[in-house]
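Quick note: the sequence shown uses the working numbering, first residue 15, plus one each step.
C-beta: ideal position from N, C-alpha, C; glycine also.
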Amino acid sequence: MSSTDASDLQLPRTRPATAVDYVQLMKPRIMMLVVFTALAGLVAAQSVTGVSINPVMAGIATLAVALGSGAAGAINMWYDADIDSVMKRTSTRPIPSGAVPRDEALAMGLIMSGVSVLLMWLASNALAAGLLALSIAYYGWFYTMLLKRRTPQNIVVGGAAGAFPPVIGWAAVTGSTTLDAWLLFAIIFFWTPPHFWALSLLAHKEYEKAGVPMLPVTHGAAATRNQILAYTIFLAPLGALPVFTGLGGVVYAVVSVILGVAFLYLAARVWRSDAGDAGAAPASLKKAKGLFGFSILYLFLLFAALIAEHGFGAYIAVPGLA
C-alpha cells in the first residue's frame, strides 16, 4: 500500500477493545523512555541553572510529555495500520488485531495532542509547549507520513522526534534552551540509528514484505552493520561529552565511559558477524538482538546517572573540566 492511501485503509473490528488496547495505542514502552529522558532534562536544568519549578507544575509538565508521547504513538498506529497488519511482530497491535477502529485511534491521538500541549503551556511556558507540539508533529507527521515509507534514512532524520524530550524538560524549567540541553538531544539523536538498525537486522524480511525501505532492505545487511559501527564510534565519545561541559560529574563520567566501551564492543561484534544476511547464523542474530537490548539499557543508565547526580545531591564536578 502506498503512502498516499495508507490513511484510507479500513480494517474490520473483530473484538471489543479493552483498556489495555488503548494503552498499547500510546506505545507505553517508548513513552516510559521519553518521560525518563524529559525528567532528566527537567532535573538537570534546575541543578545547573539554579532555577526551580514548583513540584506540582513539574509533575503536570511531565504528565504533558507522557500524553504527548502517547498521542504521537496513537497517530503513528493509525497511519501505519496497513504496515502493522503485514508484519508479524506488529500484527497483534490494537488496530490490525481488530480491537480499535482506526478513526478512534486518530481521534484519540489528536485530542491527546491538544491536551498535552495545553497542559504544558499552563504548567510551564510557551517555549516548552511549542517544543512539545513540534515533537508530536515531527513523529506523527514528518517521520510517520513523509519519511518512513520514502527513504532508508527515515530513522536518522526521524530520530529527532525522540531526542526532543530532555530539551522540553529543560525549557519547562528555564523558558530557554542551552548547549547542555541540545547536547542531550544530540546523544539521543545519534543513539537512535544503531538502536533501530540492530532491530532491523532481525526484522528486515518483515520490513521488505511491508514495503518499508529500512536500510537492510535497500542497501543490504553489510552496509547496515557498517553504519551501526560508524554511528556507535561517534556516539561513544559524544555520550561522555557532558562531563566536559560541567553537566556531568564523576558518576556520569564513569557510567558514560563504561557504557560507551560496552556499546562499541557489542557493535563491533555485530559488525564482524553475518547478522541480517541470508542464512545468518543463530549466534549472529543473537548478537544483533543483544545490541538492541543493550542500547535501551545504555540510554536508561546514562540519563539515570544525570538524575542521580542532579536530583539526589550526588553531583561532584570533575576538577578542571567543569
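Where residue i falls: helix, strand or coil (DSSP)
i      : result
Tyr329 : Because Tyr329 sits at a pLDDT of 37, beneath the cut-off of 50, its placement in the model cannot be relied upon, and the point is left open.
Phe41  : One point to set straight first is that residue 41 is Lys, not Phe, in the sequence displayed. Note: Lys41 maps to coil in three-state DSSP.
Ile74  : helix
Ile201 : helix
Ala33  : helix
Ser111 : coil
Ser214 : helix
Ser127 : helix
Thr191 : coil
Ser149 : helix
Met122 : helix
Thr238 : helix
Asn90  : helix
Gly334 : Note that Gly334 scores a pLDDT of 39, beneath 50, so its modelled location is shaky and nothing firm can be said.
Ile97  : helix
Thr232 : helix
Ile67  : coil
Pro227 : coil
Thr106 : coil
Ser61  : helix
Ser138 : coil
Presumed contact (8 Å Cβ cut-off) between residue i and residue j, rounded CB distance
i      : j      : result
Met101 : Ala224 : 5 Å
Ala88  : Ala119 : 5 Å
Ala80  : Met134 : Not quite, the Cβ-Cβ distance comes to about 11 Å (not below 8 Å), so this is no contact.
Trp184 : Leu313 : No, Trp184 and Leu313 are not in contact; Cβ-Cβ is about 17 Å, not under 8 Å.
Leu252 : Phe204 : 6 Å
Leu338 : Leu305 : Any question about residue 338 goes unanswered here, given that the chain covers just 15 to 336.
Leu148 : Phe178 : 7 Å
Ile109 : Asp117 : So it is not a contact: roughly 10 Å between Cβ atoms.
Ala297 : Ala212 : Not confirmed; about 15 Å, so no contact.
Ser127 : Ala78  : Actually they do not touch by this definition, with Cβ atoms about 11 Å apart.
Phe317 : Ala54  : 4 Å
Gly189 : Leu132 : So it is not a contact: roughly 17 Å between Cβ atoms.
Pro208 : Ile242 : 5 Å
Ala254 : Val271 : 6 Å
His324 : Ser61  : 4 Å
Gly144 : Arg29  : The Cβ separation is near 40 Å, so there is no contact.
Arg103 : Glu220 : 7 Å
Best match in the options for proximity to residue i [C-alpha to C-alpha]
i      : options                        : result
Pro310 : Thr51, Asp194, Gln38, Tyr36    : Here the sequence assigns Ile to residue 310, which means Pro is not the residue at that position. Answer by Cα proximity: Thr51.
Thr106 : Tyr279, Ala31, Ala295          : Ala31
Ile201 : Ile242, Glu220, Ala217, Gly176 : Gly176
Leu273 : Pro296, Val37, Ile247          : Ile247
Gly73  : Lys303, Ile44, Ala186          : Ala186
Thr238 : Ile44, Ile150, Ser214          : Ser214
Met40  : Gly123, Leu299, Ser149         : Gly123
Gly262 : His209, Lys219, Leu198, Val275 : Leu198
Val114 : Ser127, Gly173, Tyr36          : Tyr36
Asp94  : Val226, Asn68, Ile44, Leu145   : Val226
Ser138 : Gly260, Val65, Pro207          : Val65
Val163 : Ala151, Met71, Ile182, Val231  : In the sequence under discussion, the amino acid at residue 163 is Arg, which differs from the Val named in the question. When only C-alpha atoms are compared, the closest one is Val231.
Ser83  : Leu146, Phe308, Glu220, His324 : Leu146
Tyr245 : Thr259, Ala217, Phe210, Pro256 : Phe210
His218 : Ile321, Gly290, Pro208, Ile44  : Gly290
Gln167 : Met228, Thr259, Pro42          : Met228
Ala292 : Thr63, Asp96, Ala142, Leu216   : Leu216
Ile7   : Thr165, Val170, Ile169, Ala174 : It is not possible to answer for residue 7, since the shown part of the chain is limited to 15 through 336.
Ile321 : Val34, Met45, Val49            : Val49
Val171 : Pro180, Thr206, Pro69          : Thr206
Thr63  : Gln38, Phe326, Gly260          : Gly260
Chain D contact for residue i (CB, 7 Å cutoff)
i      : result
Gly290 : The chain inventory of the structure shown lacks chain D, comprising one protein chain alone.
Please determine if the stretch 252-269 and the stretch 279-296 are in contact, where contact requires at least 3 C-beta pairs separated by less than 8 Å.
-> As far as the Cβ criterion goes, the stretch 252-269 does not touch the stretch 279-296, which means the pair count is below three.
Fully enclosed by the stretch 277-325, which alpha helix (DSSP H) runs are 4 residues long or longer?
-> The qualifying runs are 296-325.
4-residue-minimum alpha helix (DSSP H) runs that sit fully inside the stretch 157-189, ordered along the chain | Counting whole runs of 4 or more residues, the stretch 157-189 contains the alpha helix (DSSP H) stretches 168-172, 174-177, 179-188.
Sufficient close CB pairs (3 or more, under 8 Å) joining the stretch 192-212 to the stretch 155-163 | Judged by Cβ distances under 8 Å, the stretch 192-212 makes no contact with the stretch 155-163, as fewer than three pairs qualify.
Just list the alpha helix (DSSP H) runs in the stretch 249-279, keeping only unbroken ones of 4 residues or longer that don't cross its boundaries, in chain order.
-> The qualifying runs are 256-259.
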